[in-house]
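**Q** Residue numbers (my numbering), protein chains in the order written: chain E, 308 to 672; chain P, 308 to 672.
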């Protein structure tokens, strides 16, 4: 059984308020029950949950459960998204069924994107990279689908919509009378995405976990509510969820699918990626002297985050970097060089794998 | 070219107000352009329309058009419904594509009916009788479908829903904040049903006509509005419509799928049907003497309606019955006997045809 690694506990400090505000539970309280936790759980990146203890029990008992993770086919996939794929890989290693909706209906409603364009982006940006990153989408217990093509989903969304009304959607999402009805329905397709693995066609009611950012919690709460209301007719049970923080953008702002200066895109060429690493915001002080005296501000450092999220597997190695930064012996240039090397290796490898992955992707949707 | 048959013009008198109120046009104004009008058009049962003149042009030029007629799979099919089938047969004879949705989603939302039950009722009550009544559902240009099974329809409903909002639906249907969202979506599935024949899969944009009762006009207007708004992206054009009155119930009230005393059900046995004819409300006076002096009230007579809607093909024969009733020479007993004979023949023939029809029906959905 693993303990929560202390050096990264400070990472979730900002999130304590969120945990309290939304009434979700801390991962740190149950991490001891997980035999082989995913590294992002130990490192505080995945910081909260609802009923994840139920999932842990199922993992420990080798019982069936499912994971749902959707993608909105818009913009480009970036290095920050890799974290979700890493979680899915971990769930797959724990025997989970994966259900992976591509939200082309939502893209239509929110961005007026045609289904054809949605499919194209899903293939090129998402499925290809998911496979290249090591997710096995060809297994029997993996269900990748376009929302627009799934009539089972449509019916489930319709059934779900019979269990909510305008008042509830307004209170959750702030919808107005002028909100178009497609927009009003979009969350119900997400609800249906989350409930889908419980339908008869996938073996009936089961526990499902949804790894999300805290901003997605309204969907989780709506789904849990509707699952309750559909319990009698469909046997559904409420889904569990986990909450992760996001990799900070290279500029110190939010990492964005549409702002190239903030993100390293998985379809960037390796040279551009390295260049972006080298110009990323660090936790370095104004002067070298200050850095030696005060140490680096490691919790504000995008480079350190890259190492923590993606490039350093060994906990003690990461702890040493953190320690050396804080006491001023590790300099930013050195850290950047090392991260650039990791990035080069990672991107070259990924690009090589994308070729075959693109072929596999086409067979899936 | 046919003229409007005068004896039955009085039938549409009650509907003149409706025509004015809703801004629809009179069939009587264009019936001269129809080479071989359906008898219910000549007889004032089909009394109004929107843009039916466009359909008439297409018929006269032998060009493509489609007819949409839906059924809600609930309750039993009765003799009043036969009128719609007769219209569809006429359209089929004019070369129309038929698109026939079975509104199992609406039955779920409005009556909590499972999709399984909806399919069962659709087969037994509706498709079987439609075929037994002489509609050819096996042609290539006939599309019978369950809403729940049609993902093309779902996507079209979603696209349609992006072009309306709560305000508009509230103003048309009086929806409240507490209205469940499935109920809110139901009209959008009807909109999609009507637009479906215009989708690429069915040869792209074309004129569609929807034969309905005046109570369905809100759906028509909403569809015409949404078709306009989807014109740019999908090329859709607004559908045409015709409006028919309904066969009065046997008791003089509304004929109902769920009130056996008001209707002759197509799955009734022949004896019950005859019995119902014999006890139907007529336009007869209190006494025989009064009847001879004043004549019968033919426009209040359910038996006369049966003859007009269903059993007398020859216009001059019907005119004679009307004339003889009004001048008091035709007695109710005589008319009832005759109608009972028609009914016996009709029901025996129908029941015989239902056997094979039920087998064909199963192959369709």
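C-beta atoms are modelled at their ideal positions from N, C-alpha and C, and glycine is treated no differently.
Where DSSP assigns a beta bridge to residue 378 (chain P), which residues make up the other side?
**A** Counting from 1 along the second chain, the entry for residue 378 (chain P) is found at position 71. Paired residue(s): P:409.
**Q** For residue 458 (chain P) and residue 425 (chain P), I'd like the C-alpha separation in whole angstroms.
**A** Taking the second chain and counting its residues from 1, the one referred to as residue 458 (chain P) is at position 151. Taking the second chain and counting its residues from 1, the one referred to as residue 425 (chain P) is at position 118. Cα to Cα, residue 458 (chain P) sits roughly 18 Å from residue 425 (chain P).
**Q** Does chain P have any CB closer than 8 Å to the CB of residue 450 (chain E)?
**A** The residue given as residue 450 (chain E) occupies position 143 in the first chain. Not closer than 8 Å to any Cβ of chain P, the Cβ of residue 450 (chain E) fails to qualify, so no.
**Q** At 9 Å on the CB atoms, spell out the chain E contacts of residue 470 (chain P), in chain order.
**A** Residue mapping note: residue 470 (chain P) aligns to position 163 of the second chain, counting from 1. Within 9 Å Cβ-Cβ: 487, 488 and 489.
**Q** Relative to the alpha-carbon of residue 575 (chain P), which residue among P:547, P:615 and P:655 has its alpha-carbon at the smallest distance?
**A** Locating residue 575 (chain P) in the second chain gives position 268, where the first residue counts as 1. Closest by alpha carbon: P:655.
**Q** Three-state secondary structure (DSSP) at residue 352 (chain E)?
**A** Sequence index remark: in the first chain, residue 352 (chain E) carries index 45 (1-based). Residue 352 (chain E): coil per DSSP, three-state reduction.
**Q** From which residue to which residue does the alpha helix (DSSP H) around residue 623 (chain E) run?
**A** For the purposes of this step, residue 623 (chain E) is taken as the residue at position 316 of the first chain. Segment 622-633, the alpha helix (DSSP H) holding residue 623 (chain E).
**Q** When you check each C-beta in the region 404-421 of chain E against every C-beta of chain P, which residues fall closer than 9 Å?
**A** Listed by position, the residues of the region 404-421 of chain E near chain P (Cβ gap below 9 Å) are 412, 415, 416, 419 and 421.
**Q** Mind checking if residue 327 (chain P) is an interface residue toward chain E, Cβ cutoff 8 Å exclusive?
**A** The residue you call residue 327 (chain P) lines up with position 20 of the second chain. No, because no Cβ of chain E sits closer than 8 Å to the Cβ of residue 327 (chain P).
**Q** Quick one: list the residues of chain E neighbouring residue 484 (chain P), beta-carbon separation under 8 Å, in chain order.
**A** Within the second chain, the letter at position 177 stands for residue 484 (chain P). Per Cβ cutoff of 8 Å: 472, 473, 474 and 477.
**Q** Starting from the Cα of residue 600 (chain P), find the closest Cα among P:620, P:569, P:638 and P:544 and give me that residue.
**A** Locating residue 600 (chain P) in the second chain gives position 293, counting from the first residue. The candidate whose alpha carbon is nearest that of residue 600 (chain P) is P:638.
**Q** Would you mind giving the Cβ-Cβ distance between residue 513 (chain P) and residue 359 (chain P), rounded to the nearest angstrom? I have them listed as a contact below 8 Å.
**A** To locate residue 513 (chain P), count along the second chain from 1; it is residue 206. To locate residue 359 (chain P), count along the second chain from 1; it is residue 52. 15 Å between Cβ atoms; not a contact.
**Q** Within 10 angstroms of the Cβ of residue 595 (chain P), are there 16 or more other Cβ atoms? Answer buried if so, exposed if not.
**A** Within the second chain, numbered from 1, the residue matching residue 595 (chain P) stands at position 288. Per the 10 Å Cβ criterion, exposed.
**Q** If contact is defined by three or more beta carbon pairs under 8 Å, each pair taking one atom from either stretch, is the region 601-615 of chain E in contact with the region 374-384 of chain E?
**A** Counting Cβ pairs under 8 Å, fewer than three are found: no touch.
**Q** Keeping to the same chain, check which residues put their C-beta closer than 6 Å to that of residue 493 (chain E); ignore five residues upstream and five downstream.
**A** Taking the first chain and counting its residues from 1, one reaches residue 493 (chain E) at position 186. Taken in chain order, the residues that qualify are 413 and 416.
**Q** With a threshold of 8 Å between beta-carbons, can residue 669 (chain P) be considered close to chain E, or not?
**A** For the purposes of this step, residue 669 (chain P) is identified with residue 362 of the second chain, where counting begins at 1. Chain E contact via Cβ: absent.
**Q** Could you tell me which chain P residues have their CB closer than 7 Å to the CB of residue 455 (chain E), listed as they occur along the chain?
**A** To locate residue 455 (chain E), count along the first chain from 1; it is residue 148. What residue 455 (chain E) touches in chain P: 462.
**Q** Please go through the same chain and pick out, in chain order, the residues whose beta-carbon is closer than 8 Å to the beta-carbon of residue 480 (chain P), but skip the five residues on each side of it.
**A** Indexing the second chain from 1 puts residue 480 (chain P) at position 173. Excluding residues within five positions, the ones whose Cβ falls inside 8 Å are 494 and 525.
**Q** Short of 7 Å in beta carbon distance, which residues of its chain neighbour residue 441 (chain E), apart from the five on each side in sequence? Order them along the chain.
**A** On the first chain, residue 441 (chain E) is found 134 positions in, with the first residue counted as 1. Closer than 7 Å at the Cβ level, and outside the excluded window around residue 441 (chain E), lie 396.
**Q** How is residue 385 (chain P) classed by DSSP in three states: helix, strand or coil?
**A** Residue numbering aside, residue 385 (chain P) sits at position 78 when the second chain is read from its first letter. If DSSP states are grouped into helix, strand and coil, residue 385 (chain P) belongs with the strands.
**Q** Nearest to residue 517 (chain E) by CA position, among E:394, E:483, E:667 and E:658, is which residue?
**A** Locating residue 517 (chain E) in the first chain gives position 210, where the first residue counts as 1. The shortest Cα separation from residue 517 (chain E) among E:394, E:483, E:667 and E:658 belongs to E:394.
**Q** Are there 16 or more other CB atoms within 10 angstroms of the CB of residue 472 (chain P), so buried, or fewer, so exposed?
**A** The sequence position of residue 472 (chain P) within the second chain is 165, counting from 1. So residue 472 (chain P) ends up on the buried side.
**Q** By the criterion of Cβ-Cβ separation under 8 Å, what are the contact partners of residue 502 (chain E) in chain P?
**A** By one-based count along the first chain, residue 502 (chain E) stands at place 195. Residues of chain P passing the Cβ test: none, with the nearest at roughly 15 Å.
**Q** Suppose contacts are defined by Cβ-Cβ distances below 8 Å. Is residue 671 (chain P) in contact with residue 451 (chain P) by that definition?
**A** Here residue 671 (chain P) corresponds to residue number 364 of the second chain, with the count starting at 1. Here residue 451 (chain P) corresponds to residue number 144 of the second chain, with the count starting at 1. The answer is yes: Cβ separation under 8 Å.
**Q** Using CA coordinates, which residue listed in P:470, P:486 and P:469 is at the minimum distance from residue 477 (chain E)?
**A** Taking the first residue of the first chain as position 1, residue 477 (chain E) is located at position 170. The option with the nearest alpha carbon to residue 477 (chain E) is P:486.
**Q** How is residue 327 (chain P) classed by DSSP in three states: helix, strand or coil?
**A** Taking the first residue of the second chain as 1, we reach residue 327 (chain P) at position 20. Three-state DSSP puts residue 327 (chain P) in a helix.
**Q** Within 8 Å (strictly less), CB to CB, does residue 529 (chain E) reach chain P?
**A** Locating residue 529 (chain E) in the first chain gives position 222, where the first residue counts as 1. Cβ-Cβ to chain P under 8 Å: no for residue 529 (chain E).
**Q** Check this for me: beta carbons of residue 453 (chain E) and residue 489 (chain E), under 8 Å apart or not?
**A** What you label residue 453 (chain E) is simply residue 146 of the first chain in a count that begins at 1. What you label residue 489 (chain E) is simply residue 182 of the first chain in a count that begins at 1. In this structure, residue 489 (chain E) does not lie closer than 8 Å to residue 453 (chain E) by Cβ.
**Q** At 7 Å on the CB atoms, spell out the chain P contacts of residue 495 (chain E), in chain order.
**A** Translated into positions along the first chain, residue 495 (chain E) becomes position 188. Correct list: 488.
**Q** Roughly how many whole angstroms lie between the Cα atoms of residue 657 (chain P) and residue 572 (chain P)?
**A** Within the second chain, residue 657 (chain P) is the residue found at index 350, counting from 1. Within the second chain, residue 572 (chain P) is the residue found at index 265, counting from 1. Rounded to whole angstroms, residue 657 (chain P) to residue 572 (chain P) spans 12 Å at the Cα level.
**Q** I'd like the list of long-range same chain contacts for residue 436 (chain E), defined as Cβ closer than 6 Å, with 5 residues on each side in sequence excluded.
**A** To locate residue 436 (chain E), count along the first chain from 1; it is residue 129. Same-chain partners within the cutoff: 384 and 573.
**Q** To the nearest angstrom, report how far apart residue 632 (chain P) and residue 349 (chain P) are at their CA atoms.
**A** For the purposes of this step, residue 632 (chain P) is taken as residue 325 along the second chain, with counting starting at 1. For the purposes of this step, residue 349 (chain P) is taken as residue 42 along the second chain, with counting starting at 1. Looking at the two C-alpha atoms, the distance is approximately 20 Å.
**Q** Taking residue 500 (chain P) and residue 557 (chain P) to be in contact with their CB atoms under 8 Å, please state how far apart those CB atoms are, rounded to whole angstroms.
**A** On the second chain, position 193 is the one that residue 500 (chain P) refers to. On the second chain, position 250 is the one that residue 557 (chain P) refers to. With a Cβ gap of about 31 Å, residue 500 (chain P) and residue 557 (chain P) do not count as contacting.
**Q** What is the rounded straight-line gap between the Cα of residue 551 (chain E) and the Cα of residue 630 (chain E)?
**A** For the purposes of this step, residue 551 (chain E) is taken as the residue at position 244 of the first chain. For the purposes of this step, residue 630 (chain E) is taken as the residue at position 323 of the first chain. Approximately 24 Å, taken between the alpha carbons.
**Q** Less than 8 Å separating the beta-carbons of residue 498 (chain P) and residue 467 (chain P)?
**A** Working through the second chain from its first residue, we reach residue 498 (chain P) at position 191. Working through the second chain from its first residue, we reach residue 467 (chain P) at position 160. It is a contact, given that the beta carbons lie within the stated cut-off.
**Q** Could you tell me which whole beta strand (DSSP E) segments of length 3 or greater appear in the region 420-462 of chain E?
**A** 449-453, all fully within the region 420-462 of chain E.
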